[in-house]
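For the record, the sequence lines run as chains A and E.
Residue numbering for the first sequence follows the working numbering, starting at 1 and increasing by one per position.
Residue numbering for the second sequence follows the working numbering, starting at 1 and increasing by one per position.
Idealized CB from N, CA, C, for every residue including glycine.
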Amino acid sequence: MSDANVPQGSSDPAGAVGPGESTAEVPERDLGDAPGGAGAGGSRLRPDAEVRPSGSAERAAASGGITDPPTHGHAPVRHVGAPPQGGPAGPPGPAVPQHATSGNFEIDTHQLDPAEDRRAERRVAITFVLTVVATFAFVGAYIFMKIHNDSYGSYQNYVLGITLAVALFAFGTGQILWAKQLIPHEYAVQDRHDGASSREEREALEETFLAGADQLGIGRRHLARRTLLLAAGIFPLSGVVLLRDLGPAPEKKLRHTAWRKGSYLVDVETKQRVKLGDLRVGAILTVLPEKFDELTEEDWATSPTILLRLRAGEDRPLKGRENWGVDGHVAYSKICTHAGCPTSLYETQTQHLLCPCHQSTFKVTEGCKVIFGPAARALPQLPISVDNEGYFLAQGDYREPVGPSFWERG
Amino acid sequence: MLVVTLGLLGVLYAAASPSGQAEDTPSNSSAIAQGRSIYLTSCSSCHGLQAQGSSVAPSLIGVGAAAVDFQVGTGRMPLRHYGPIADRKRPKFTQAEINALAAYIASLAPGPSIPSKDMLNLSKGDTARGGNLFRANCAQCHNFNGSGGALTEGKYAPSLYPTTPEHIYEAMLSGPEQMPVFGDGQLSPQDKLDIIAFVKKTQRQADPGGFGLGRIGPVSEGLVAWLVLTGALVVATFWIGARV
């Protein structure tokens, strides 16, 4: 937050480092001139302290990690890239456990055991060799494996994919292993700042705000204030008016389907009229009005209907709908009243119609009333009859809007 | 113990039941007689001595040979236990015994018969047309490639992959359990053949990715991508970022 707090790092309330010796909160900052702190925050320029690279994470954990109290007196500073003390850069020297801190910037300096170091390096090397092997396997599979056209390249595809994946994965793993096991680890602790601004700053802000309000005169200038409120209230009207351009109003389209008095029911697949006897008991058929190829998009969306044949006497028609079916045949809208999905998972023994989208379930023999799920209304029923030759036709349109509820439905 | 005993009894019965007689294609009346004896011992306790049905089982008068061949041939009948739906399992009877049973049931009243080999000649099926018919009539429950799906209250539409063409044909004719009936007036024999040809063709298709993931489409693929692969990515990220 505020940089002003940084030099007073000792005010940190919950740091891992005791209040006495903490001096720095930002490791990257040059802390040479940071005040006090029991000598822990030594000069960054002090040349006499080096930190050896370390590699073993287990050792870091065992040595106490970041919660260890810092060592007082010596304040080694790490010089990035500098060779370990007393030797040229290269493989680490003998294991010399060290522990160093710089302010609350704590560095684990445990030396990797040479044998362990060699093992770690070997692990890294193995992953890279694996990359090479898998790459050769990929190239070999590409050149030598046969492609079978009848099954999408058959096994070659799998081998190519697997070898490529192994090569890439091993390559990345090797790099991560290198970073985790060979590169020295260092742990830095940075304490949080306090959340709130200082009291002075808060007071200054409050003053500025009140002075501004006073100069604005919002309490005094009645005319300006009232017209401001008026303008703020009226201006959004332009946006409201533009909502009209979202599209033509649906008008009556939602209330009517393509079914008319005398529309023949035709099979949606064969486009043939359906007649008595075509369906056996327990059958379901999706039907549309005849010549449905010429329907508008809206009618396509609203007109699909299912024709079901129930066992004689099984249907319990609602009051006033006693003549809407013919000889056990009933027709209902296929469009779910919840979200408009096609509702045609028909269970003939339980007489359930299930919508696959949200599991709304309708009881066919009771006017397709909702018995489960989010649908709010029964499926609308299409009144049907038969002509002299036994072909099914509609007595008229649906008596209520089909499909999901809408605002003006009433 | 009871279960084991009953199971043993069942095995003994199956071994002792008159399968030997069924080997030599019996004449119709002797098949009916044999079917009746199988019926009385294995079916009548639920469906009634006259196949008239009971409070726990439907009447079998008029269901035809097709229904018997499907129900017994797919192992659904005899029922193992009451539940939302009868599961497919190993058939209890040999095909000869099933044929005899079917002949007996068919002799009670006319009903759909077992399709002939000629009606199941899949090379005469139009798979493209069958696909259209399948999507219009079957896909809502059996999924667009026939791998099945859930229905209400624990019931489900089974996968069609293990089902033989003959049994699919019979299922359409007889409407087993919750399935609607697709009589010849609604789906002609050629329509049915096209549908079966489509189902069996889809079943044979290779899965280009190596795994079909149940072939239920983008749902399973999305699930794998999100749960498995994203989970693996998160784990890898944690490993990279871990202190150790």
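Worksheet item: Using a C-beta to C-beta distance shorter than 9 Å, which residues of chain A count as neighbours of Asn-132(E)?
Response: Here the neighbours are Glu-269.
Discussion item. Let me confirm a value: Ser-45(E) is counted as buried when at least 16 other C-beta atoms fall within 10 Å, else exposed. Which label applies?
Written reply: Exposed, since its Cβ has fewer than 16 Cβ neighbours within 10 Å.
Item to complete: Check distances from the C-beta atoms of the region 150–176 of chain E to those of chain A and list, in chain order, the residues that come in under 7 Å.
Response: Listed by position along the chain: Leu-151, Thr-152, Lys-155, Gly-175.
Fill in: Beta-carbon contacts of Val-181(E) that lie in its chain and below 6 Å, excluding the five residues immediately before and after
So the list reads Gly-175, once near-sequence residues are dropped.
Practice prompt. Give the residues from the region 212–235 of chain E that approach chain A closer than 9 Å (Cβ to any Cβ), ordered along the chain.
Written response: Residues of the region 212–235 of chain E that bring their beta carbon within less than 9 Å of a beta carbon in chain A are absent altogether.
Practice prompt. Give the secondary structure of Gly-146(A) by DSSP, where H, G and I count as helix, E and B as strand, and everything else as coil.
Written response: First, the residue type needs correcting, since residue 146(A) is Lys and not Gly in the sequence shown. Three-state DSSP puts Lys-146(A) in coil, outside helix and strand.
Discussion item. With a threshold of 7 Å on Cβ separation, who are the neighbours of Asn-143(E) within its own chain once the five nearest residues in sequence on each side are excluded?
Written reply: Scanning its chain for C-beta atoms nearer than 7 Å, with the 5 sequence neighbours on each side dropped, one finds around Asn-143(E) the residues Gly-149, Ile-216, in chain order.
Fill in: the region 182–189 of chain E in contact with the region 376–383 of chain A per 3-pair CB rule at 8 Å
No, the region 182–189 of chain E is not in contact with the region 376–383 of chain A.
Worksheet item: In the region 86–174 of chain E, which residue ranges form an unbroken alpha helix (DSSP H) of at least 4 residues, counting only runs that do not cross its ends?
Response: Counting only runs of 4+ residues, the alpha helix (DSSP H) found wholly inside the region 86–174 of chain E occupies 95–108, 127–137, 139–142, 165–174, in chain order.
Item to complete: Select from Phe-238(E), Gly-131(E), Gly-231(E) the residue whose C-alpha is nearest the C-alpha of Lys-180(A).
Response: It is Phe-238(E) whose Cα lies nearest to the Cα of Lys-180(A).
Practice prompt. Tell me whether Ser-42(E) is buried or exposed, calling it buried when 16 or more other Cβ atoms sit within 10 Å of its Cβ.
Written response: Under a 10 Å Cβ-count criterion, Ser-42(E) is classified as buried, with 16 or more other Cβ atoms of the shown protein chains found around its own Cβ.
Worksheet item: Of all Cβ atoms in chain E, is any one closer than 8 Å to the Cβ of Glu-389(A)?
Response: Taking a beta-carbon distance threshold of 8 Å, Glu-389(A) does not count as an interface residue toward chain E.
Discussion item. So the candidates are Thr-208(A), Pro-342(A), Phe-392(A); which of them puts its Cα closest to the Cα of Gly-325(A)?
Written reply: Nearest of Thr-208(A), Pro-342(A), Phe-392(A) to Gly-325(A), Cα basis: Phe-392(A).
Worksheet item: According to a CB-to-CB cut-off of less than 9 Å, which residues of the region 344–365 of chain A neighbour chain E?
Response: From the region 344–365 of chain A, only Ser-344, Leu-345, Tyr-346, Glu-347, Thr-348, Gln-349, Thr-350, His-352, Leu-354, Pro-356, Gln-359, Thr-361 have a Cβ closer than 9 Å to chain E.
Item to complete: Put Ala-331(A) into one of helix, strand or coil per three-state DSSP.
Response: For Ala-331(A), the secondary structure class from DSSP, reduced to helix, strand or coil, is strand.
Worksheet entry | Residues within the region 76–88 of chain E neighbouring chain C, beta-carbon criterion of under 7 Å | Here chain C cannot be found, since the structure's protein chains are A and E.
Worksheet item: By a C-beta neighbour count over all protein chains shown, 10 Å radius and 16 as the cutoff for buried, is Pro-162(E) buried or exposed?
Response: Pro-162(E) should be labelled exposed.
Worksheet item: What residues are listed by DSSP as bridge partners for Trp-370(A)?
Response: The amino acid at residue 370(A) is misidentified as Trp; the sequence shows Val. DSSP output for Val-370(A) lists Phe-362(A) as bridge partner(s).
Item to complete: Measuring alpha carbon to alpha carbon, tell me which of Ser-59(E), Leu-40(E), Asp-126(E), Ala-103(E) ends up nearest Val-199(E).
Response: A check of alpha carbon separations from Val-199(E) across Ser-59(E), Leu-40(E), Asp-126(E), Ala-103(E) identifies Asp-126(E) as the nearest.
Discussion item. Taking the beta carbon of Ser-55(E) as the centre, do at least 16 other beta carbons fall within 10 Å, making it buried, or is it exposed?
Written reply: Flag for Ser-55(E) reads exposed.
Practice prompt. Return no unless some Cβ of chain E is closer than 8 Å to the Cβ of Asp-278(A).
Written response: Yes - at least one Cβ of chain E is within 8 Å of the one on Asp-278(A).
Discussion item. Strictly below 7 Å CB to CB, what residues from chain E border Thr-126(A)?
Written reply: The amino acid occupying residue 126(A) in the given sequence is Ile; Thr does not appear at that position. Simply none; closest approach about 17 Å.
Practice prompt. Alpha carbon to alpha carbon, how far is Gly-214(E) from Thr-127(A)? Give it in angstroms, no decimals.
Written response: Answer to the nearest angstrom: the Cα atoms are 35 Å apart.
Worksheet item: Going along the chain, which residues of its own chain have a beta-carbon closer than 6 Å to the beta-carbon of Thr-131(A), five neighbours each way excluded?
Response: Ala-167, Ala-170, Phe-171, listed in sequence order.
Worksheet item: Beta-carbon separation of Leu-288(A) and Ser-303(A) under 8 Å?
Response: For Leu-288(A) and Ser-303(A), yes; Cβs fall inside 8 Å.
Item to complete: Inspect the beta-carbon positions of Leu-307(A) and Thr-337(A) and report whether they are closer than 8 Å.
Response: Result no, Cβ atoms of Leu-307(A) and Thr-337(A) do not sit closer than 8 Å.
Worksheet item: For a contact meaning CB atoms closer than 7 Å, what does Gln-180(E) contact in chain A?
Response: In the sequence under discussion, the amino acid at residue 180(E) is Pro, which differs from the Gln named in the question. For a Cβ distance threshold of 7 Å, residue set Gly-282, Ala-283, Ile-284, Tyr-346, Thr-348 of chain A lies close to Pro-180(E), ordered along the chain.
Item to complete: Identify the contact partners of Phe-138(A) in chain E, using a Cβ-Cβ distance below 8 Å as the criterion.
Response: Neighbours of Phe-138(A) on chain E: none; closest Cβ ~16 Å, over 8 Å.
Worksheet item: Can you name the residues of chain A whose CB is closer than 7 Å to the CB of Ala-96(E)?
Response: Using a Cβ-Cβ cut-off of 7 Å, Ala-96(E) is close to nothing in chain A; its nearest Cβ partner there is about 29 Å away.
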